[in-house]
Amino acid sequence: MLSILRKKKTMKLILWGLAIIIIPAFVLWGAGSLREGNSSPKYIGTIGEKKIPFKEFTRSFTEARVELFLSYFNRPETLKELQKNRPLLNRLAWNNLIIKYKAKNDGFSVSNEELINYITNFPLFTRGGKFDKRVYEYFLRNAFGMDMTPRTFEEYVRSCLIISQYKQNIVKDITVTDKELMDFYKADFEKASMNYAVLDKDIFYDDVSVSPGQIEEYYQKQKNNLRAPERIVLEYIKFPHSNDEEKKEALSSIRRAYELLKSNPRKMGPISEQLNLKVNETPPFARNELVPGIGNISEIGITAFTLRPGIDIVPIVDEDESGMSYIVRVKERIPSRIQRKEEAKDYIVNAIKEYEMYVLAYQEAQKIYDDAIKTKRLSLKTIAEKYNLPLGETDPVGRFDYITGVGESYVAVEAAFKLRVGEISGPIKVRKGYAFVQPVELIFIEKEKFESEKEAYRKKILTIKQVKAVEEWTKNAQQDTSLEVNLDQL
26 MLSILRKKKT MKLILWGLAI IIIPAFVLWG AGSLREGNSS PKYIGTIGEK
76 KIPFKEFTRS FTEARVELFL SYFNRPETLK ELQKNRPLLN RLAWNNLIIK
126 YKAKNDGFSV SNEELINYIT NFPLFTRGGK FDKRVYEYFL RNAFGMDMTP
176 RTFEEYVRSC LIISQYKQNI VKDITVTDKE LMDFYKADFE KASMNYAVLD
226 KDIFYDDVSV SPGQIEEYYQ KQKNNLRAPE RIVLEYIKFP HSNDEEKKEA
276 LSSIRRAYEL LKSNPRKMGP ISEQLNLKVN ETPPFARNEL VPGIGNISEI
326 GITAFTLRPG IDIVPIVDED ESGMSYIVRV KERIPSRIQR KEEAKDYIVN
376 AIKEYEMYVL AYQEAQKIYD DAIKTKRLSL KTIAEKYNLP LGETDPVGRF
426 DYITGVGESY VAVEAAFKLR VGEISGPIKV RKGYAFVQPV ELIFIEKEKF
476 ESEKEAYRKK ILTIKQVKAV EEWTKNAQQD TSLEVNLDQL
């Protein structure tokens, strides 16, 4: 059958388009996918009174990948990034198990007719408006790093449709009122030009002292939030290449080494020595840190934290002709833990100082404002000069912009629209301390434009509300569940 497809230019283009979507999933997950073994727990957790075997979670993990494909097949770059995010896929798989459990109890199902109708009308599997069996079969042979049977894929899709159906039931009564629509639209499109003066909280730094008793009290109340991050020790082999020919040689070396290492990852040292390759080792590092000895290569940092220590080993190939490719393995995972008080002391002192500086800044800002009202010095310039406050002005800014010396603009713009042009606000808490704002120009929404865009905008807001509703439902449903593993580390 493939020989027939190769003769057809149009079919080649279709299959190439499929490859763009399929190949990233195969390359990323082929080496590090979830596997069952002696090290895997028998149960991943419970939902209601039901124990969930690890095998069932593994199936849900694949269903989650299918669900992402169905949603993002026409956005391959987004799909690729989502497929890289193992913790996200783990959480999606677990949440989907919760939804399926509830859906089954509530009698939700998808008939064979509904399933066939969905698949035969799925855009990627149609050509000229009709279902194309050849494209479908090609997809099944190559998708997700496995030769998937139609029945297996279709049952995955059935589960995805049941999950979608149940989510639709959760959000079916959600609407967007005219007031919500107007408020959201204003928040996005209203702008204000302002003068502003800022009382910087940092000027009170030396006025704040922190006692041992305050440190102890803060630590006891907050210690569960004062955690040293999870860290890993990474072993890696480097394969440098500076041109196309060297990259071919590097890929050949990677392939030869990986074939030996993938079935014996714990023997990385001896096998590498046989191949005359050097194994390097990093000191412990956290997710948000540069990989020691390697640097800011996000692909390595992201992938490394999805691997199981001593079990998973993966090649990571630099796309450029000149660069560095790697084979990596996690040697050790150091779990997150509560920091000792002495470790967290600097953070605690700074947190207490930050709070106290805001308190002092507010008290001083309120005195300034009260004095301005009392003496009728309501010129922002006069206030700034008298109290030695830096004075600034903005071009038109919206609620989601940034103002130099102030920070995020939302509260300042929100305050400006509660004033008339020329009026001065009371103290407004901002990132730098407390600010006074004086609107120079208020740019309101265009009513005609709003009328022409409001229904499209209503749909946008509805989607946001629906997503939040499903998140809230899931959060509540999770109270009836328990996990035996950390999904971020699985």
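To get my numbering, take the position in the sequence shown, counting from 1, and add 25.
For glycine and all other residues, C-beta sits at the position ideal for the given N, C-alpha and C.
Model, not experiment: these values are computed from the prediction.
Rounded to whole angstroms, what is the Cα-Cα separation between L114 and I327? Here residue 114 refers to the residue found at position 89 of the sequence shown. Here residue 327 refers to the residue found at position 302 of the sequence shown. Each residue's alpha carbon lies about 13 angstroms from the other.
Quick one: Cα of Q503 to Cα of G70, how far? Against the sequence shown, residue 503 aligns to sequence position 478. Against the sequence shown, residue 70 aligns to sequence position 45. Q503 and G70: Cα-Cα distance of roughly 11 angstroms.
Tell me the rounded alpha-carbon separation between L385 and Q239. The residue labelled residue 385 in the question sits at position 360 within the sequence shown. The residue labelled residue 239 in the question sits at position 214 within the sequence shown. Between L385 and Q239, the alpha-carbon positions lie close to 17 angstroms from each other.
Mind checking which residues open and close the alpha helix (DSSP H) that includes P101? Taking the sequence shown and counting its residues from 1, one reaches residue 101 at position 76. It spans P101 to K109 - the alpha helix (DSSP H) in which P101 sits, taken as one unbroken run.
Answer yes if the segment 450 to 462 comes into contact with the segment 421 to 440, meaning at least three C-beta pairs across the two stretches below 8 angstroms, and no otherwise. Contact between the segment 421 to 440 and the segment 450 to 462 is present: three or more C-beta pairs spanning the two stretches fall below 8 angstroms.
In this structure, how does DSSP classify I69 when only helix, strand and coil are distinguished? The sequence position of residue 69 within the sequence shown is 44, counting from 1. Strand.
Range of the contiguous beta strand (DSSP E) that encloses V431: If you number the sequence shown from 1, residue 431 lands on position 406. Where V431 is concerned, there is no enclosing beta strand (DSSP E), given that its DSSP letter is neither H nor E.
Am I right that V339 and V353 are in contact with their C-beta atoms under 8 angstroms? What's the rounded C-beta distance? In the sequence shown, counting from the first residue as 1, residue 339 sits at position 314. In the sequence shown, counting from the first residue as 1, residue 353 sits at position 328. About 6 angstroms; that satisfies the 8 angstroms criterion.
Close Cβ partners of K370 (< 8 angstroms) along its chain, the five nearest in sequence each way excluded: Residue 370 sits at position 345 when you count from the first residue of the sequence shown. Excluding positions up to five away in sequence, the list reads I240.
Length of the line joining the Cα atoms of R291 and I336: Here residue 291 corresponds to residue number 266 of the sequence shown, with the count starting at 1. Here residue 336 corresponds to residue number 311 of the sequence shown, with the count starting at 1. Computed Cα separation, rounded: 7 angstroms.
Can you tell which of A311, M382 and K366 has its C-alpha closest to the C-alpha of V355? Start at 1 with the first residue of the sequence shown, and residue 355 comes out as number 330. Comparing Cα-Cα distances from V355 to each of A311, M382 and K366, the minimum goes to A311.
Compare the Cα-Cα distances from S184 to each of A118, D231, T499 and T331 and report the closest residue. Looking up residue 184 in the sequence shown gives position 159. Closest option to S184, Cα to Cα, is A118.
Is the segment 244 to 259 touching the segment 358 to 370 in the sense that three or more CB pairs, one from each, lie closer than 8 angstroms? Yes, the segment 358 to 370 is in contact with the segment 244 to 259.
Coil, strand or helix - N268 by DSSP: As a position in the sequence shown, residue 268 is number 243, starting the count at 1. In the three-state scheme derived from DSSP, where H, G and I count as helix and E and B as strand, N268 is classed as coil.
Taking the DSSP output, what are the residues bridged to T506? Residue 506 sits at position 481 when you count from the first residue of the sequence shown. Answer is I72, bridged to T506.
Less than 8 angstroms between the beta carbons of L140 and V182, yes or no? By 1-based counting over the sequence shown, the position of residue 140 is 115. By 1-based counting over the sequence shown, the position of residue 182 is 157. The beta carbons of L140 and V182 sit closer together than 8 angstroms.
Could you please give the first and the last residue of the uninterrupted beta strand (DSSP E) stretch that includes I199? The residue labelled residue 199 in the question sits at position 174 within the sequence shown. Note, I199: premise wrong, no beta strand (DSSP E); not H, not E.
Taking E418 as part of the alpha helix (DSSP H), name the residues at either end of that continuous run. Here residue 418 corresponds to residue number 393 of the sequence shown, with the count starting at 1. Secondary structure note for E418: it is in no alpha helix (DSSP H), and the uninterrupted beta strand (DSSP E) holding it is L416 to E418.
Leaving out the 5 sequence neighbours to the left and right, which residues in its chain are closer than 8 angstroms to I359 when beta-carbon positions are compared? Here residue 359 refers to the residue found at position 334 when the sequence shown is read from its first residue. If you ignore the 5 residues before and after I359, its C-beta comes within less than 8 angstroms of the C-beta of E255, R256, I257, V258 and P309, all in its own chain and listed in chain order.
Residue interval of the beta strand (DSSP E) (run including P452): If you number the sequence shown from 1, residue 452 lands on position 427. Note, P452: premise wrong, no beta strand (DSSP E); not H, not E.
Look at the alpha carbon of D198 and the alpha carbon of I72, and state the distance between them as a whole number of angstroms. In the sequence shown, counting from the first residue as 1, residue 198 sits at position 173. In the sequence shown, counting from the first residue as 1, residue 72 sits at position 47. Computed Cα separation, rounded: 26 angstroms.
Do Y221 and G423 have their beta-carbon atoms positioned less than 8 angstroms apart in this structure? Numbered from its first residue, the sequence shown carries residue 423 at position 398. Numbered from its first residue, the sequence shown carries residue 221 at position 196. Not in contact: G423 and Y221 (Cβ atoms no closer than 8 angstroms).
For K226 and Y383, which I take to be in contact (beta-carbon distance under 8 angstroms), what is that distance rounded to the nearest angstrom? The sequence position of residue 226 within the sequence shown is 201, counting from 1. The sequence position of residue 383 within the sequence shown is 358, counting from 1. Correct: roughly 6 angstroms between the Cβ atoms.
Neighbourhood of N501 by C-beta distance below 6 angstroms, restricted to the same chain and skipping five residues each side: Position 476 of the sequence shown, counted from the start, is the residue given in the question as residue 501. Cβ neighbours of N501 beyond the five flanking positions: none.
Which residues in the same chain have their Cβ closer than 6 angstroms to the Cβ of R116, if we skip the five residues on either side of it in sequence? Start at 1 with the first residue of the sequence shown, and residue 116 comes out as number 91. Only L512 meet the Cβ criterion.
Quick one: what does DSSP say A56 is sitting in, helix, strand or coil? Looking up residue 56 in the sequence shown gives position 31. Interpretation of A56 is limited by its pLDDT of 33, a score under 50 that renders its predicted location unreliable; no figure is taken from the coordinates.
Rounded to whole angstroms, what's the CA-CA distance from D426 to A494? Just pull it up for me. Counting from 1 along the sequence shown, the entry for residue 426 is found at position 401. Counting from 1 along the sequence shown, the entry for residue 494 is found at position 469. A494 has its alpha-carbon roughly 27 angstroms from the corresponding atom of D426.
Along the beta strand (DSSP E) that carries M219, what are the first and last residues, could you check? Taking the sequence shown and counting its residues from 1, one reaches residue 219 at position 194. M219 -> beta strand (DSSP E) spans K216 to D225.
With a Cβ-Cβ cutoff of 8 angstroms, do T499 and I187 count as a contact? What you label residue 499 is simply residue 474 of the sequence shown in a count that begins at 1. What you label residue 187 is simply residue 162 of the sequence shown in a count that begins at 1. Not a contact, by the Cβ cut-off of 8 angstroms.
Going along the chain, which residues of its own chain have a beta-carbon closer than 7 angstroms to the beta-carbon of G132, five neighbours each way excluded? Reading the sequence shown from its first residue, position 107 is the one you call residue 132. Residues of the same chain with their beta carbon placed closer than 7 angstroms to that of G132 are lacking, with the five preceding and five following residues left out of the count.
Look up T488 in the DSSP assignment and say whether it is helix, strand or coil. For this step, residue 488 is matched to residue 463 along the sequence shown. Correct three-state label for T488: helix.
What residue range is occupied by the uninterrupted alpha helix (DSSP H) comprising P340? Your numbering for residue 340 matches position 315 in the sequence shown. Note, P340: premise wrong, no alpha helix (DSSP H); beta strand (DSSP E) at I338 to I341.
N- and C-terminal bounds of the beta strand (DSSP E) containing E466: Locating residue 466 in the sequence shown gives position 441, counting from the first residue. Where E466 is concerned, the enclosing beta strand (DSSP E) stretches over G458 to I468.
With 16 as the cutoff for other CB atoms within 10 Å, does N458 come out buried or exposed? Walking along the sequence shown from the start, residue 458 turns up at place 433. The question names Asn, yet the displayed sequence has Gly at residue 458. Buried is the call here.
How long is the line joining the alpha carbons of I29 and N305, rounded to whole angstroms? The residue labelled residue 29 in the question sits at position 4 within the sequence shown. The residue labelled residue 305 in the question sits at position 280 within the sequence shown. Its pLDDT being 29, under 50, I29 is placed unreliably in this model, and the coordinates cannot settle the point.
What number of angstroms, rounded off, separates the C-alpha of I262 from the C-alpha of E346? Walking along the sequence shown from the start, residue 262 turns up at place 237. Walking along the sequence shown from the start, residue 346 turns up at place 321. Roughly 18 angstroms separates the two Cα atoms.
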